[in-house]
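> Heads up: the sequence shown is residues 7 to 430, going by our numbering.
Note that the Cβ used here is the ideal one computed from N, Cα and C, for glycine as well.
Small disclaimer: the values here were computed from a predicted structure and weren't measured.
Quick one: structure below, then a few questions.
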Amino acid sequence: MNLPFRPDEQYALELDRQDPLAGYHAAFHHPLDRRGNPAIYLCGNSLGPQPRLADEFVAQVMSQWRKLAVRGHFEGERPWINYYQELLPQLAQVMGATPEEVIPMGTLTANIHQLLETFYQPKGRRRKILAISGEFPSDRYALVSMIRLRGLDPAEILFPVAPPEGERLIPDEVFYNQIQRLGDELALVFLPAVHFATGQVFPLQEITRQAQASGALVGFDLAHAAGNIPLWLHEWNVDFAAWCGYKYLCAGPGNGAGIYVNQRFITNLDLIHPAGWWGNDPSIRFEMRDQFEPQRTAERFQVSNPAVLSIAPLYASLSLYLEAGLENIWQKSRLLTDYLGYLLDMRNSGKFKIITPRQPGKHGNQFSLEIPGGALTTAEALLERGVIIDERPPNIIRVAPMPLFNSFHDLWRFNEILDQVLFG
Ligand SMILES: Cc1ncc(COP(=O)(O)O)c(C=O)c1O
């Protein structure tokens with residue numbers, strides 16, 4: 007977007023006046039700084055702020071539990087037996103999937119384990135896994151432990167692609183070349199969709215196309231993508247994916263995770279996967295049979311009965327997302343980050359470097375800044391002045407405005423304060 011941005015405060019306020027989503031600012035509780043004043047909160051990549059509606063949704067579950075106890079499974083305003091089913095259409099829209107392909111459940115790393123267990127099926131020469139180096143450690147632990155559990159040697163199985171020497175970003179071709187190189191030895195590609203430290207968005211559709219053409223399956227960790235960038239998992243024919251709900255989806259700490267599994271697997275009765283009673287076809291779920299009869303949707307992956315208190319705040323935030331309109335959110339996201347880039351460029355006389363790629367489609371709502379002076383001292387100095395961002399030591403700070411929550415004026419104020427912190 008090439009708006010003729012201006013650096014003055016009046017202009018930021020003018021952008022807010024023209025913002026069709028400005029009203030959603032008030033739909034969230036605003037975190038406080040150390041002095042108890044409203045903070046400038048730019049940390050949605052770590053923990054999204056709390057939607058006011060989440061209070062109501064959680065209170066409703068608590069009240070039902072208080073008043074109905076076990077009867078709450080089947081009675082009350084939103085019976086727990088099918089609580090999760092009500093939000094499948096909303097979740098499906100955010101993920102670009104069909105409602106049958108998604109399910110809110112569990113927690114991210116545990117879900118990754120379950121999906122790897124299901125979809126990593128080494129056969130003959132086809133045993134290798136393409137990942138990235140420098141990924142979020144939990145993903146690496148999941149991959150390595152799963153490989154070991156199969157009695158295989160991670161050194162022979164795992165092929166992490168890395169940025170060129172001395173760089174932080176991974177060019178698209180690095181993925182394509184590695185897929186070509188591994189050829190018929192490639193069993194699985196498992197990658198983050200958005201890199202947690204750099205904010206780089208990887209070419210999900212093309213990676214999927216090329217890896218599948220070579221006969222491999224493809225799964226993504228959407229921790230930093232869900233609710234942050236447009237996703238079309240079904241159209242891209244992605245095989246599986248998992249996400250957490252506490253970042254851009256604003257479901258609260260540890261809450262609201264979920265998975266996507268492509269249509270062709272969920273209807274396949276021969277697919278073997280870790281199973282539990284809640285994955286049974288609901289019509290026989292309570293007959294307590296010995297035999298597992300999977301539901302023909304992603305529900306078959308639910309090993310336990312749903313954690314309703316974890317899903318309730320997700321329900322609230324997805325309602326806000328869809329009421330606001332995903333297209334409107336993506337549009338504001340582009341404008342916010344373009345504006346942030348403009349403000350940062352103005353002040354950037356060599357004190358820091360924006361490492362997140364700036365091209366449209368290559369970043370979401372996160373800009374990572376490399377600060378030679380050190381991430382911790384910068385983050386601490388910002389916090390002292392009422393700004394909450396997060397840091398990845400030794401020298402990266404991550405700044406993540408959220409379209410429904412943040413204003414243009416937040417970014418203007420952030421930039422003024424960063425300027426004081428870095429340039430004195
Ligand atoms: C990319 C990525 N993977 C995995 C995790 C671990 O998530 P959890 O603790 O919910 O399993 C995180 C957490 O921030 C993450 O960012």
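Below 8 Å CB to CB, which residues in the same chain sit around V167 once its five sequence neighbours on both sides are set aside?
Excluding residues within five positions, the ones whose Cβ falls inside 8 Å are L136, A137, I138, S139, I176, V180, F181 and Q184.
> Going straight from the alpha carbon of R133 to that of P55, what length do you get?
Cα to Cα, the separation comes out at about 41 Å.
> Alpha carbon to alpha carbon, how far is P85 from D61? Give it in angstroms, no decimals.
In a straight line, the C-alpha of D61 is about 18 Å away from that of P85.
> Does the count of Cβ pairs from the segment 283-298 and the segment 113-122 closer than 8 Å reach three?
In short, these stretches do not touch, since the Cβ pair count stays below three.
> The beta strand (DSSP E) spanning L346 covers which residue range?
First-last for L346: L332 to R353, but that is the alpha helix (DSSP H), not the beta strand (DSSP E).
> What are the complete alpha helix (DSSP H) segments, minimum 4 residues, inside the segment 19-56?
Within the segment 19-56, no complete alpha helix (DSSP H) run reaches 4 residues.
> Pull up the DSSP beta-bridge partners for L197, would you.
Beta-bridge pairing links L197 to F226.
> Since I believe E305 is in contact with I109 (beta carbons under 8 Å), could you give me their beta-carbon distance rounded to a whole number of angstroms?
Indeed, because the Cβ distance is near 6 Å, the residues count as touching under 8 Å.
> Is there at least one non-hydrogen atom of ligand 1 closer than 6 Å to the beta-carbon of S151?
False, no ligand heavy atom lies under 6 Å from that Cβ.
> Are there three or more Cβ pairs, one per stretch, closer than 8 Å when the segment 413-430 is compared with the segment 222-231?
The segment 413-430 is not in contact with the segment 222-231.
> When you compare the segment 76-92 with the segment 351-369, are there three or more beta-carbon pairs, one atom per stretch, that lie closer than 8 Å?
Output reads no: the segment 351-369 does not touch the segment 76-92.
> Can you look up G189 in the DSSP assignment and give me helix, strand or coil?
In this structure, G189 counts as helix in the three-state DSSP scheme.
> What's the gap between the Cα of H201 and the Cα of N274?
Cα to Cα, H201 sits roughly 32 Å from N274.
> Taking all protein chains shown into account, do 16 or more other C-beta atoms lie within 10 angstroms of the C-beta of Y327, making it buried, or fewer, making it exposed?
Its Cβ being crowded by 16 or more others within 10 Å, Y327 is buried.
> Following a CB-centred definition, is P399 positioned closer than 6 Å to any heavy atom of ligand 3?
The model depicted lacks ligand 3 and carries ligand 1 instead.
> At 4 residues or longer, what runs of the alpha helix (DSSP H) sit wholly inside the segment 89-164?
Counting whole runs of 4 or more residues, the segment 89-164 contains the alpha helix (DSSP H) stretches 89-92, 94-101, 114-125, 143-155 and 160-163.
> Verify the contact flag: A148, CB atom, against every heavy atom of ligand 1, threshold strictly below 6 Å.
Incorrect: A148 has no Cβ contact closer than 6 Å to ligand 1.
> If I measure Cβ to Cβ from V244 and keep anything under 8 Å in the same chain, skipping five residues before and after, which residues do I get?
Only L210, T214, V224, G225, F226, Y266 and N268 meet the Cβ criterion.
> Take P37 as the anchor and find which of T204, T362, F411 and R419 has the nearest alpha-carbon.
That would be F411, whose Cα lies nearest to the Cα of P37.
> With a 10 Å radius around its C-beta and 16 neighbouring C-beta atoms as the bar for buried, classify G264 as buried or exposed.
Its Cβ being crowded by 16 or more others within 10 Å, G264 is buried.
> List the whole-angstrom C-beta distance separating G392 from D39, where the pair is believed to meet the contact cut-off of C-beta under 8 Å.
The Cβ separation is near 4 Å, so the contact holds.
> Give the straight-line distance between the Cα atoms of D190 and R131, rounded to the nearest whole angstrom.
Taking the straight line from one Cα to the other gives about 7 Å.
> Report yes if the C-beta of A330 is less than 6 Å from at least one heavy atom of ligand 1; otherwise report no.
Incorrect: A330 has no Cβ contact closer than 6 Å to ligand 1.
> Take W238 as the anchor and find which of E107, Q216 and D178 has the nearest alpha-carbon.
Checking every option, the nearest Cα to that of W238 belongs to E107.
> What number of angstroms, rounded off, separates the C-alpha of L389 from the C-alpha of I395?
Their Cα atoms are separated by approximately 8 Å.
> Tell me whether S323 is buried or exposed, calling it buried when 16 or more other Cβ atoms sit within 10 Å of its Cβ.
Flag for S323 reads buried.
> Nearest-angstrom Cα distance between F34 and V309?
Cα-Cα distance, rounded: 33 Å.
> Note down, in chain order, each residue of its chain lying with its Cβ closer than 7 Å to the Cβ of E241, except the 5 sequence neighbours on either side.
Within the same chain, E241 has close Cβ partners G102.
> Could you check the C-alpha separation between H415 and N261 for me, to the nearest Å?
One C-alpha to the other measures close to 30 Å.
> Classify E397 as buried or exposed, calling it buried when 16 or more other Cβ atoms lie within 10 Å of its own Cβ.
E397 should be labelled buried.
> With which residues is G264 paired in a DSSP beta bridge?
Its beta-bridge partners are P110 and W249.
> For a test of the three-state rule: what should DSSP assign to Q301, helix, strand or coil?
Three-state DSSP puts Q301 in coil, outside helix and strand.
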